[in-house]
Amino acid sequence: MTSSQVTFAALPLIEPLQRALAAKQYTHPTPIQAQAIPPVLDGRDFLGIAQTGTGKTAAFALPILQRLAKSPKPTTPFAPRVLVLAPTRELASQISASFAAYGRFLKLKHAVIYGGVSPFHQIRAMRHGVDVLIATPGR
1 MTSSQVTFAA
11 LPLIEPLQRA
21 LAAKQYTHPT
31 PIQAQAIPPV
41 LDGRDFLGIA
51 QTGTGKTAAF
61 ALPILQRLAK
71 SPKPTTPFAP
81 RVLVLAPTRE
91 LASQISASFA
101 AYGRFLKLKH
111 AVIYGGVSPF
121 HQIRAMRHGV
131 DVLIATPGR
């Protein structure tokens, strides 16, 4: 089966993620998504390279969100369970928006932190605990 024949409904994604994809009117994964999602869901490493705008964020965000949703919460509530590093604050903000959209029907929290702005709200978000922390190396 080629990636153009695969649908998101055919991928083993949990119902809240399927609902979020349907809300965004996404029906077919891009080639990078079709190649990345199954092995990452299985806990295997995956190295993918694709052009800008091909859905790389969904390729890693969807399996991360699923693995977090299916695993028990840690006993240390304030430690992030996943760290996503981005080279720029613009990209960090875009990744954060994607995690918000894909995880909208899950009881998971995420936060984004980067330099160039007051850290007050970022620190407050961290104190409340997050499952996914998206950050730039400078912050």
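Okay, so the sequence shown: first residue is 1 according to full-length UniProt numbering, each after it adds one. Backbone N, C-alpha and C fix where the C-beta goes; we use that ideal spot for every residue, glycine too. Being a predicted model, the structure only gives us computed values, none of them experimental.
Counting C-beta pairs closer than 8 Å gives fewer than three between the region 45-58 and the region 12-19, which falls short of the contact rule. Distance from the CA of PRO39 to the CA of LEU83, rounded to the nearest whole angstrom, comes to 19 Å.
Non-local beta-carbon contacts of LEU21 in its own chain, meaning distances under 7 Å to residues more than five positions away in sequence, involve PHE8 in chain order. Here GLY138 has TYR114, GLY115 as same chain residues with Cβ atoms under 8 Å from its own Cβ, once five neighbours each way along the sequence are excluded. In the displayed model, LEU11 falls within coil according to three-state DSSP, outside both helix and strand. Look at VAL82 here: in three-state DSSP terms it is strand.
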